[in-house]
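Q: Before we start, here is the structure in question, set down as structure tokens.
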Ligand SMILES: Nc1ncnc2c1ncn2[C@@H]1O[C@H](COP(=O)(O)OP(=O)(O)O)[C@@H](O)[C@H]1O
Ligand SMILES: [Mg+2]
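Quick look at the structure:
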């Protein structure tokens, strides 16, 4: 066989994405030239995607400790304790590159991958959230991508049987050559039954379970570590195909196998497939592993060791069993009509030894593979930044008609209703979803307890490009604020860092700044980062995406009966605005939609204020004092009010409102300016005093601004009616703004 | 009443039905594996939603030929009740236990949304506590829910009042706008000749608690149990 | 023995998917596509002594599982070893 | 002019449908089905002067819309007026 293998040279190594320096390092680690198969192992495990070469140095700045943290970064997913003996396992992953090449299968396998990360921890997936970014929605090519991605997520999640309960879809031209598909999954497990990806116990059997291996996805990890260029076409044969039905069987079989007590450790074969599992699992446990590749169930004939190790065929797991309990494990998998084949054993280490038909094809220290190189590359702010920040939005003319401007913003694709997408997702299977998509955060009850969790994902590339540090912090704040508006106390963050090429100093600077911002916000809000994912090289022909960190936050509600949604419920409720007045049109949806600009400065962020506002909102929700709570994000105060008026139409009728605002510097800034820490709530008139007392305790700025009711949305300023629009008109604009592009 | 909830590879509403039966209506319930043929200790078999065998060929096609479904013939002949929801309805049609077939939604997309159902037949064990013309609210979640039967089958179905539910507006108008999937004549649920086998695309188990947004789905199970109390007396219409 | 099964919706049944594809084609400038129906193709390799035996078995498979005869018609074509590529194929 | 397009997954690509159907057939006692792949069949009626022209147009349609060439291969077969039913069809 060795005769048919390509000769190992520096050129070959380069072709596999390794640098000359890395190639030398491999030789130094091994004390010899690697074999072709060994080179394949290194190329995959030392890819950016697997080794976090450019990001590890920065990621260590994220706070990863908290009393309720059960599992931080380093495992397949993180976990937090939610009380009553239960834990929530969650993680977010990107599948940007595969989704661009094949939107349907790329997005579908993205869902499949993150689901496996969750159930390898022993948790049953209970919710999916999808955070998507595309180019201009009126471009037919975007429509095709959105269609493919949404139907891929719908197909996989629905068929598997996990509800998709939230997410976001935003549009900007920078994503047209490189859409983002980030998927978060949330699972539930007994706090003392969390499984880990360990290969402990010398002599324990190593099982391969799940779908057979084919040639699909070979070099997927390497592909995710390169930018798109004209060669993207040529890289296409690596497309993987999802099989949600097999995944569902794998879920049931794995959970059942774990319940027997015969499972020692388990990891899903994601990026870099078998190569990744067979090195990472023993590396975490200080052991080694020996595997025989000819035992691997194969879908195609004559697969080489190289292909078997690097295949990214989906719906597969590597499982370390307890010695002597092979039969028990096999029986469980057989019941679910799945292969469970012993392919090797845990050894004392320190090597991974791979054989094929008895012949050794690779012998590498597991540490050498798992500890990829770590780079500290130069980073510096981009030259254009200062000029872009210096732009003053108030140098632009004021709109003539504020009502029409509000309607226009409500129909901006990024703000408009995403029902077109989420009505294609099963949102309820499991019968836990108390708040469906359409409110700030989704809420799921925890059966058998009084508790519930609230979940949300957020991120705004426009803010990050103008101020990466504050933008990163804002992503955490907004996701946490959404959770707080639902009544949940944030417990943990998972992040997905989508950036361009880290080999460019300005991109790496954006990344480093965003990480610092996230870290600051997490510290201030006392939420740890439990895990995440870095996706670099999101560029096409030198054009990078907007730097887009997406944060997913999970929070807990002690009483599932005390939750809030964002829409006004009835006439005659008082409306209050909580939080500071500081807002800015810099980087706002208004500036983009009306003037096509991404420029200016962001409003100041006071993290202590953010914390206090969130805790005040939570206290009000938990006390049952508010009938609606909605944070002000894209589109500012006016859009938040309009959303509260019309977004409840899924279950009830639209409810208008009449509010009065301070005039501020200029009315467009007051109405549409964006700023952190701001929340609109509605309160029944009878509870007004109680609410006031609670706010007085909270030490936050706040004021009453109006009343709900009627069929119009009316805003007054300085004694004048400045907006007066029928809610029907707003609702129509909001409902059709995104959907009309998809017809 | 003893309930059995069937589990096929790929079923996912099994746990939801199990929960409603044991925790909400508090009746004895167990899971039934798709290979089981012994249903003798059950009064009502539930075929829940999901993607049995991935629905990779046609929804419900493979499950429709499974041992447990074969055993349903005798179970039904002996007077047992069968409730198929979503994938369960598709399976019952594929197995020939109910007439017609469920095709891909006319919009060619999956749909998860709330629907209103006009109750047309109140002479079945599942609907005997309801009023004809009553409108129930229940969610749907499917990609292949467009009911189709050829004209003679449809005529026969109507003649024997086999149509139990139609998609309607909140005030009971059976109009195209209320039809989420293009079903012929807005059909959402049908029953067999003896009234003991009911298939419907909506999910009653998702409308069984106030916290989940409604309890209309519970009415089917309460009718079956004879515990439905309206105006103080069961079955007072 | 290689056998090919073509499964089509019965003539009277509305083919929504076909209609959508036709519309999409028209949108791309293919006004010359006048009618279009989407069906299923199943290629089966079946152990059988004779082509007739193979076809009979596959016919059984169709009736039992592959086709739903309320909706669909099916056609079974034998694909002889030497004729794997249909004669009129363009590519 | 009637044209038939057969769309199949490329050889190396996992056919989840085919695998599931094959398993189901085995469960129903059809152990003689040894391999099975599921594809798509598209029947198109196209306005064209000659069969060659028709095939060329349909080839364009396949590349632009009908087939997903990242995952699928396609074959175009002309179906002449008199040969609507393939010769070897059983029913
Ligand atoms: N792709 C999606 N999948 C599921 N739900 C979505 C998606 N996009 C948006 N939503 C839902 O629509 C609602 C509004 O989204 P968004 O405007 O992003 O909210 P916010 O600004 O409060 O984060 C949320 O409930 C969100 O979960
Ligand atoms: Mg929000």
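Protein chains in written order, with this note's numbering: chain B, 10 to 752; chain X, 13 to 249; chain W, -2 to 88; chain S, -2 to 88. Beta carbons: idealized from backbone N, C-alpha and C, even for Gly.
Please determine, among B:67, B:220, B:53, the residue with the shortest C-alpha to C-alpha distance to residue 22 (chain B).
A: B:53
Q: Of all Cβ atoms in chain S, is any one closer than 8 angstroms to the Cβ of residue 33 (chain W)?
A: Interface residue, yes.
Q: Grab the span of the alpha helix (DSSP H) containing residue 167 (chain B) for me, first residue to last.
A: 149 to 169
Q: Please state the DSSP three-state secondary structure of residue 290 (chain B).
A: helix
Q: Whose C-beta lies closer than 7 angstroms to the C-beta of residue 324 (chain B) among residues of the same chain, with five residues either side of it excluded?
A: 121, 219, 220, 252, 255, 256, 259
Q: Within the continuous beta strand (DSSP E) that includes residue 467 (chain B), where are the two ends?
A: Per DSSP, the continuous beta strand (DSSP E) segment holding residue 467 (chain B) begins and ends at 461 to 467.
Q: Over the uninterrupted beta strand (DSSP E) stretch that includes residue 151 (chain X), give me the two end residues.
A: 147 to 154
Q: So the candidates are X:154, X:161, X:228; which of them puts its Cα closest to the Cα of residue 192 (chain X)?
A: X:154
Q: Give every residue of the same chain whose Cβ lies closer than 7 angstroms to the Cβ of residue 516 (chain B), excluding the five residues on either side of it in the sequence, and list them in chain order.
A: 508, 509, 510, 553
Q: Are residue 87 (chain X) and residue 110 (chain X) closer than 8 angstroms when you measure CB to CB?
A: no
Q: Please determine, among X:89, X:179, X:65, the residue with the shortest C-alpha to C-alpha distance to residue 209 (chain X).
A: X:89
Q: In terms of alpha-carbon separation, which member of B:331, B:223, B:94 lies closest to residue 269 (chain B)?
A: Among B:331, B:223, B:94, the Cα nearest to that of residue 269 (chain B) belongs to B:331.
Q: Using the Cα positions of residue 433 (chain B) and residue 222 (chain B), report the straight-line distance between them to the nearest angstrom.
A: 31 angstroms
Q: Once DSSP output is grouped into helix, strand and coil, what is the label at residue 221 (chain B)?
A: coil
Q: Could you tell me the alpha carbon to alpha carbon distance between residue 51 (chain S) and residue 11 (chain W), rounded to whole angstroms?
A: 25 angstroms
Q: With the cut-off set at 8 angstroms, would you say residue 422 (chain B) and residue 109 (chain B) are in Cβ contact?
A: no
Q: Strictly under 8 angstroms for the Cβ-Cβ distance: is residue 110 (chain B) near chain S by that measure?
A: yes
Q: Would residue 67 (chain S) count as contacting chain W if we go by Cβ distances under 8 angstroms?
A: Interface flag for residue 67 (chain S) against chain W is unset, since no Cβ pair is found closer than 8 angstroms.
Q: Leaving out five residues on either side along the sequence, give the residues of the same chain with a beta carbon under 8 angstroms from the beta carbon of residue 8 (chain B).
A: The requested residue 8 (chain B) does not occur in the structure, where chain B is confined to residues 10 to 752.
Q: Output the distance between the C-alpha atoms of residue 245 (chain B) and residue 57 (chain B), rounded to the nearest integer angstrom.
A: At residue 245 (chain B), the pLDDT of 42 sits below 50, so the modelled position is not reliable; the number obtained from the coordinates is stated separately. Spanning the two alpha carbons is a distance of roughly 20 angstroms.
Q: Determine the extent of the beta strand (DSSP E) in which residue 558 (chain B) is found, giving its start and end residues.
A: Counting along the chain, the beta strand (DSSP E) containing residue 558 (chain B) begins and ends at 557 to 566.
Q: Can you tell me where the beta strand (DSSP E) with residue 16 (chain X) in it begins and where it stops?
A: Element bounds for residue 16 (chain X): 15 to 19.
Q: Classify residue 216 (chain B) as helix, strand or coil using the three-state DSSP reduction.
A: strand
Q: Residues bridged to residue 45 (chain X) by DSSP?
A: X:19
Q: Is residue 688 (chain B) helix, strand or coil when you go by DSSP?
A: strand
Q: Round the Cβ separation of residue 114 (chain X) and residue 102 (chain X) to the nearest angstrom and send it over; I've been treating them as touching at under 8 angstroms.
A: 5 angstroms
Q: Grab me the residues of residue 363 (chain B)'s own chain with a C-beta within less than 6 angstroms of its C-beta, minus the 5 sequence neighbours each way, in chain order.
A: Within the same chain, Cβ atoms closer than 6 angstroms to the Cβ of residue 363 (chain B) are found at 300, 370, 371, the five residues on either side in sequence being excluded.
Q: Given that residue 65 (chain X) touches chain S, what residues does it touch there, using C-beta distances under 7 angstroms?
A: 17, 21
Q: What whole-angstrom Cβ distance do residue 135 (chain B) and residue 197 (chain B) have, given they're in contact under 8 angstroms?
A: Contact between residue 135 (chain B) and residue 197 (chain B) holds: their C-beta atoms lie close to 5 angstroms from each other, under 8 angstroms.
Q: Going by Cα to Cα distance, which pick from X:128, X:17, X:237, X:227 is closest to residue 187 (chain X)?
A: X:128
Q: Kindly list, in the order they appear in chain X, the residues whose Cβ is closer than 9 angstroms to that of residue 345 (chain B).
A: 21
Q: Check whether chain B comes within 8 angstroms of residue 13 (chain S), counting only Cβ atoms and requiring the distance to be less than that.
A: yes
Q: So with Cβ pairs under 8 angstroms, would you call residue 168 (chain X) a contact of chain W?
A: no
Q: Mind pulling the chain X residues with CB within less than 8 angstroms of residue 25 (chain S)?
A: 77
Q: Can you check whether the CB of residue 127 (chain B) is closer than 8 angstroms to the CB of residue 86 (chain B)?
A: yes
Q: Chain B partners of residue 182 (chain X), CB-CB under 7 angstroms?
A: Under the 7 angstroms cutoff, chain B gives no residues; its nearest Cβ is about 11 angstroms from residue 182 (chain X).
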